[in-house]
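Sequential numbering of the sequence shown, starting at 682, is according to the numbering used here.
All residues carry an ideal CB built from backbone N, CA and C; glycine is no exception.
All values reported here derive from a predicted model rather than from experimental measurement.
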Amino acid sequence: MLAVFCLRLTFGLLASLVLLSHRQMHTRFFRTHFLTALGLCIVALVMGWDTPILIPTALGLLGTFVGSLLWNFERPPAGWTFWLLTLAAIGAAFVVVEPTNSNQSPLWARIINDLTSAMLLGSIVTAMLVGHSYLISPALSIRPLMVQLALVGISLAIRTAVAAAALWLWTADHSLTNLNDETVLFLPVRWLIGLAGPAFFGFLAYRTAQIRSTQSATGILYVVVILGFLGELMSLLLFRNTGLPL
């Protein structure tokens, strides 16, 4: 489960870079992103050593390593090439990962679950890191932060829609008033912490960024990251029990 979480975060972090320009953000920002993804790939590789994700994760690790070197030497074209190759490798890991639930969810459902979770995780962490950039580059345009906050909102809306559809399917065979079912006890925690919480604090960060209080917005985004992590970990537990991205 931890390996899947790390792969989702890796994919989301790298995918979020597509909305950022190396002409606006310093190349060290891209290098840091690749180094962070490298660390996550190492954790995923260790945790999934005896699973089918070994080969694509190893390829992703190699891609993040080479990509970090290229961005260190300020080679944007080559850096974007390895960005694409790494995304392809991590995407392949989502395809080959073994189901962790007894319901054997179809491949398309697992991929949608992985991608929507990855984009939510990656967008909130990237937004927080963009906010940090204003500490060392105060003259940086506010546009990169606003774009990332918009991506957070879109990712959260899609993730909520997926969870709502899954909840609708689950309630067709289960009762939300059956307290003997542990899923019923986990659902309020997942929805309040993992969806409602990030939505509320994400909106506060957006309004704070509008008045260019970037340090305050970054502090609020820390809360969004923590809530998002807890929510997606809870979602992994629910998926293991139900086979649905609740």
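Taking every protein chain shown into account, the CB of residue 924 has 16 or more other CB atoms within 10 angstroms, so this residue is buried.
Within the same chain, and ignoring the five residues on either side of residue 701 in sequence, the residues whose Cβ sits closer than 7 Å to its Cβ are 825. Between residue 800 and residue 690, the alpha-carbon positions lie close to 8 Å from each other. With a 10 Å radius around the Cβ and a threshold of 16 neighbouring Cβ atoms, residue 789 comes out exposed.
Under the Cβ criterion (8 Å, minimum of three pairs), the segment 906-922 does not count as touching the segment 886-895. Between residue 832 and residue 804, the CB-CB gap stays under 7 Å.
Using a 10 angstroms sphere on the CB of residue 765, the tally of other CB atoms stays under 16, which defines it as exposed.
Burial state of residue 704 is exposed, judged by a 10 Å Cβ sphere holding fewer than 16 other Cβ atoms. Under the three-state reduction of DSSP output, residue 892 falls in the coil class, being neither helix nor strand. Exposed is the label assigned to residue 873, since fewer than 16 other Cβ atoms lie within 10 Å of its Cβ. Between the alpha carbons of residue 882 and residue 869 lies a distance of about 18 Å. For the pair of segments examined, the segment 707-721 was found to touch the segment 737-752: the number of CB pairs separated by less than 8 Å reaches three. Of the candidates 740, 875, 769 and 731, 875 places its Cα closest to the Cα of residue 904. In this structure residue 731 is exposed. Its beta-carbon is surrounded by fewer than 16 other beta-carbon atoms within 10 angstroms.
The three-state reading of DSSP puts residue 689 in helix, counting H, G and I together.
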